[in-house]
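Residue numbers (my numbering), protein chains in the order written: chain A, 701 to 962; chain B, 114 to 423.
Have a look at the structure below before the remarks.
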Amino acid sequence: MDTTAATHSPSWIGYKTMVRKEFTRIIRIWSQTLLPPVITMSLYFTIFGGFIGSQISAIHGFSYMQFIVPGLVMMTLITSSYMNTVSTFYFAKWTHTIDELLVAPMPTWVIIAGFVSGGVLRAFLSGILVVGVSLFFTHLVIHNILILLGAAFLTSLLFSFAGLINGIYAKSFDAISIVPNFILTPLTYLGGVFYSLTLLPPLFQTLSLANPILYMVNAFRYGFLGVTDVSVGKCFAVLSAFTIVFFFWTLWLFKKGAGLKK
Amino acid sequence: MALALEVTDLKKSYDVKGKPPVEAIKGVTLSIEKGEFFALLGPNGAGKTSMISIITGLANKTSGTVSICGIDAATEPEKAKTCLGLVPQEFNFNIFEKVLNIVLDQAGYYGISKEEAMPYATEILQKLGLWEKRDAKAEALSGGMKRRLMIARALIHKPQVLLLDEPTAGVDVELRRSMWDFLRELNEKGTTIVLTTHYLEEAEQLCRRVAIINDGLIIKEGSVKELLSSLAHVTLILDTKDPVGEPALHLLRDLQLTKIDDTSYEIRLARGETVNDALRKMSMQGVQVVNVRNNGSRLEEVFVKLIDAT
């Protein structure tokens with residue numbers, strides 16, 4: 701097989717350029733991209749896991765601190781991937797640097813892949829740092845690394861698409877903070893990060909099942925601890941379905957030129 | 114000769130909330146041959162930037178076709194885009210990025226690796242006087258340097274057709290002249306250049322052919338020479354060695370001299386009249402002419418006449 705040709709295809713070079721540029725940016729402004737989740741999650745670990753958690757009995761056989769770590773890491777993945785694509789894309793649109801990509805002979809899917817990879821990359825870097833910090837507070841076990849990584853990847857991918865869609869529709873800087881503040885944060889808090897579904901009254905258990913973030917948190921928690929409130933198969937089915945829908949939504953918007961072309 | 118750019122019956126409408134759509138381009142047909150230096154002239158809002166945006170893929174067309182180097186931009190957009198380079202009107206690079214990185218990243222978007230692009234990036238930045246600034250952030254550059262950076266970025270993939278949207282707007286005279294020299298050299302080496310400009314002198318100096326667009330339609334197209342020949346008269350400024358006395362002015366009244374100051378006079382020559390005839394008559398009256406120059410851009414006269422007529 702001729703691997704040289706594949707490695708040097710123009711689309712691959714374009715994609716690599718986008719990802720390299722994004723990686724450099726994330727590292728260069730680490731105090732804005734990587735440090736905030738570490739500080740925030742350290743506070744969560746200290747207050748909820750340490751001060752309050754010590755007063756709470758074990759959930760599914762794990763200490764409260766151990767129980768909330770996967771959820772908090774997942775929260776980091778969601779926030780970091782979403783914020784990365786929405787801010788990078790909207791900034792590019794606002795400063796018209798997006799034109800550099802639009803005039804270039806890069807297929808639409810490569811441009812989307814470049815932006816989304818930036819989101820996944822930042823999510824993973826932030827997630828690794830938060831997992832590292834959590835080790836100062838508790839002992840972590842890994843039940844199934846493939847499920848853990850699969851859930852982390854699909855969630856980061858899904859929220860990178862979601863951030864991109866928000867960035868495409870956004871017409872002002874206010875519009876890029878509405879979704880994270882009023883939709884994403886409430887859904888994440890109500891998605892089983894801090895509690896098990898079994899602790900809720902039946903009505904709220906049923907209502908929680910409509911929250912897609914619940915499935916992401918549970919799949920990820922299963923990867924770490926081997927416990928989940930919903931079946932892992934169902935979690936991955938929901939995650940995959942949302943990711944596919946958001947991918948085609950993004951592709952459709954790009955092809956149409958919505959929010960991009962005059 | 115093969116065409117570098119072919120636009121057929123191009124139309125573009127913009128939706129305006131609560132109002133009927135605005136037709137920015139109303140059916141433009143244009144052919145530009147390879148190797149040409151072509152200008153698209155027109156007043157503000159005539160549709161010049163809309164046309165450039167559609168050709169480069171920054172705007173969607175309503176109808177019509179665009180073909181770049183014989184490649185249909187609608188059916189093979191990526192292939193067509195490899196032939197094009199764009200220097201937009203507004204700065205559109207990341208001002209926090211280093212100069213060299215802006216150029217190399219753009220090469221990457223065109224499928225050229227950093228290593229492969231480096232020699233030409235070096236050459237082009239040196240040529241445009243930006244090499245010393247390669248590690249500076251773009252925000253630190255002067256306005257003229259930023260404009261040259263956009264040219265360097267547009268040329269990094271060696272496009273066959275270079276589109277420049279008002280390339281010298283806001284640039285001082287010296288820099289404008291050096292950019293003209295650079296563009297001329299580029300054109301002589303085979304790059305087709307299409308520019309939009311407000312500076313009619315720019316089009317007159319650089320281009321062989323121009324099209325005048327107004328209100329979304331091409332109202333005149335042809336060689337600069339053809340357009341200039343449509344003028345009924347030519348206006349020149351004559352500088353004399355000494356002030357011309359009233360008796361001499363009276364005897365030269367058929368030349369329709371208009372006094373600008375003591376030693377400068379405007380003269381309008383009808384088509385068919387020569388400068389030689391006028392100078393001979395003036396010499397016979399003892400008037401010594403030390404300099405003859407155009408009264409501004411001759412193309413401007415044609416332009417104003419055509420725009421006024423529409």
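Glycine included, each C-beta is placed from N, C-alpha and C at the ideal position.
N- and C-terminal bounds of the beta strand (DSSP E) containing residue i
i, result
"B/Thr121", "Leu116 to Val129"
"B/Arg322", "Arg322 to Asn327"
"B/Tyr378", "Ser377 to Ala383"
"B/Glu236", "Element bounds for B/Glu236: not the beta strand (DSSP E) but the alpha helix (DSSP H), Lys227 to Lys240."
"B/Asp278", "Val274 to Asp278"
"B/Ser144", "Lys132 to Glu146"
"A/Ser931", "Neither: A/Ser931 is in no beta strand (DSSP E) and is coded neither H nor E."
"B/Lys372", "Thr371 to Asp374"
Partners in chain B for residue i, counting only beta-carbon separations shorter than 9 Å
i, result
"A/Met806", "Glu191, Lys194, Tyr222, Tyr223 and Gly224"
"A/Gly714", "Gly221, Tyr222, Tyr223 and Gly224"
Residues that DSSP places opposite residue i in a beta bridge
i, result
"B/Thr353", "B/Val402"
"B/Tyr312", "According to DSSP, which records beta bridges pairwise, B/Tyr312 is partnered with nothing at all."
"B/Phe151", "B/Val307 and B/Arg322"
"A/Phe762", "A/Ile759"
"B/Gln337", "Correcting the residue type first, residue 337 of chain B is Val in the shown sequence and not Gln. Bridge partners of B/Val337: none, in fact."
"B/Asn407", "B/Leu349"
"B/Leu197", "B/Val274"
"B/Ile331", "B/Ile326"
"B/Ile184", "B/Ile181"
"B/Lys250", "B/Lys211"
Whole-number beta carbon distance between residue j and residue i, since they are thought to touch under 8 Å
i, j, result
"B/Thr309", "B/Glu279", "6 Å"
"B/Ile167", "B/Leu238", "The pair is not a contact, with the Cβ atoms about 30 Å apart (cut-off 8 Å)."
"A/Gly933", "A/Phe837", "Not quite, the Cβ-Cβ distance comes to about 31 Å (not below 8 Å), so this is no contact."
"A/Leu939", "A/Thr855", "7 Å"
"B/Leu364", "B/Gln398", "6 Å"
"A/Gly818", "A/Asn784", "6 Å"
From the options, residue whose alpha carbon lies closest to that of residue i
i, options, result
"A/Pro880", "A/Phe859, A/Asn844 and A/Phe789", "A/Phe859"
"B/Gly303", "B/Lys147, B/Ser126, B/Gln369 and B/Val129", "B/Lys147"
"B/Lys354", "B/Leu299, B/Tyr378 and B/Ile145", "B/Tyr378"
"A/Leu897", "A/Arg725, A/Gly771, A/Ile739 and A/Gly714", "A/Gly771"
"A/Ile727", "A/Ser826, A/Ile768 and A/Ala851", "A/Ser826"
"B/Asp352", "B/Asp375, B/Glu334 and B/Ile168", "B/Asp375"
"B/Leu116", "B/Met395, B/Val286, B/Ile306 and B/Leu313", "B/Ile306"
"A/Ala926", "A/Ile752, A/Ala910 and A/His760", "Residue identity check: residue 926 of chain A is Gly in the sequence provided, not Ala. It is A/His760."
"B/Glu191", "B/Ser180, B/Val200 and B/Pro201", "B/Ser180"
"B/Ile350", "B/Gly335, B/Ala186 and B/Leu370", "B/Leu370"
"B/Thr195", "B/Lys418, B/Glu203, B/Ala220 and B/Arg381", "B/Ala220"
"A/Lys716", "B/Glu339, B/Lys139 and B/Tyr222", "B/Tyr222"
"B/Ile165", "B/Asn157, B/Leu153, B/Ser176 and B/Thr175", "B/Leu153"
"A/Ser711", "A/Ile752, A/Thr776, A/Ile768 and A/Ala804", "A/Ala804"
"B/Tyr312", "B/Gly335, B/Ser255 and B/Asp285", "B/Asp285"
"A/Leu864", "A/Ile842, A/Ser908 and A/Ala813", "A/Ala813"
"A/Ile913", "A/Val820, A/Ser940 and A/Thr888", "A/Thr888"
"B/Asp248", "B/Asn214, B/Leu276, B/Ser255 and B/Thr281", "B/Asn214"
"A/Phe947", "A/Thr808, A/Gly959 and A/Val833", "A/Thr808"
"A/Ile778", "A/Trp730, A/Gly959 and A/Ala823", "A/Ala823"
"B/Asn205", "A/Thr788, A/Ile842 and A/Ile798", "A/Ile798"
"B/Phe150", "B/Arg406, B/Ser126 and B/Leu276", "B/Leu276"
"B/Asp128", "B/Pro360, B/Val120 and B/Ala137", "B/Ala137"
"A/His839", "A/Ala941, A/His708 and A/Phe924", "A/Phe924"
"B/Ile325", "B/Val337, B/Pro201 and B/Ile264", "B/Val337"
"B/Lys246", "B/Met231, B/Leu262, B/Tyr233 and B/Ala186", "B/Leu262"
Under 8 Å from the C-beta of residue i: neighbouring residues of chain A
i, result
"B/Asn205", "Thr795, His796, Thr797, Asp799 and Glu800"
Residue span of the alpha helix (DSSP H) that contains residue i, given as start and end
i, result
"A/Tyr715", "Pro710 to Arg728"
"A/Ile895", "Reading off the sequence shown, one finds Tyr at residue 895 of chain A, where the question assumed Ile. Premise fails: A/Tyr895 is in no alpha helix (DSSP H) and is neither H nor E."
"B/Pro390", "Residue 390 of chain B is actually Asp in this sequence, not Pro. Run containing B/Asp390: Val388 to Met397, per the alpha helix (DSSP H) assignment."
"B/Val216", "Val212 to Tyr222"
"A/Asp799", "Ile798 to Leu802"
"A/Val917", "Pro912 to Leu925"
"B/Thr178", "It is not in any alpha helix (DSSP H) - B/Thr178 instead sits in the beta strand (DSSP E) that spans Ser176 to Ile181."
"A/Gln905", "Pro902 to Ser908"
"B/Ala267", "Gly256 to Leu268"
"A/Met806", "Careful: A/Met806 lies outside any alpha helix (DSSP H) and carries neither H nor E."
Listed by chain order, chain A residues near residue i by CB distance under 9 Å
i, result
"B/Ser176", "Residues of chain A passing the Cβ test: none, with the nearest at roughly 16 Å."
"B/Leu199", "Asp799 and Val803"
"B/Asp218", "Thr717, Met718, Arg720, Lys721 and Glu800"
Partner residues on chain A for residue i, Cβ-Cβ distance less than 7 Å
i, result
"B/Ser166", "Lys962"
"B/Gly160", "The premise fails here: B/Gly160 is roughly 12 Å from chain A at the closest Cβ pair, so nothing lies under 7 Å."
"B/Gln170", "The sequence given here places Gly at residue 170 of chain B; Gln does not occur at that position. Ordered by position in chain A, the residues that pass the 7 Å Cβ test against B/Gly170 are Leu802 and Val803."
Cross-chain neighbours of residue i in chain B, by beta carbon under 7 Å
i, result
"A/Gly957", "Asn173"
"A/Pro901", "Those within 7 Å of A/Pro901 in chain B number zero; the least Cβ separation is about 47 Å."
Where residue i meets chain B, residues with beta-carbon distance less than 8 Å
i, result
"A/Pro770", "None at all; the shortest Cβ gap to chain B is about 36 Å."
Neighbour flag for residue i against chain C, beta carbons, 7 Å
i, result
"A/Thr788", "Absent from the structure: chain C. Protein chains present are A and B."
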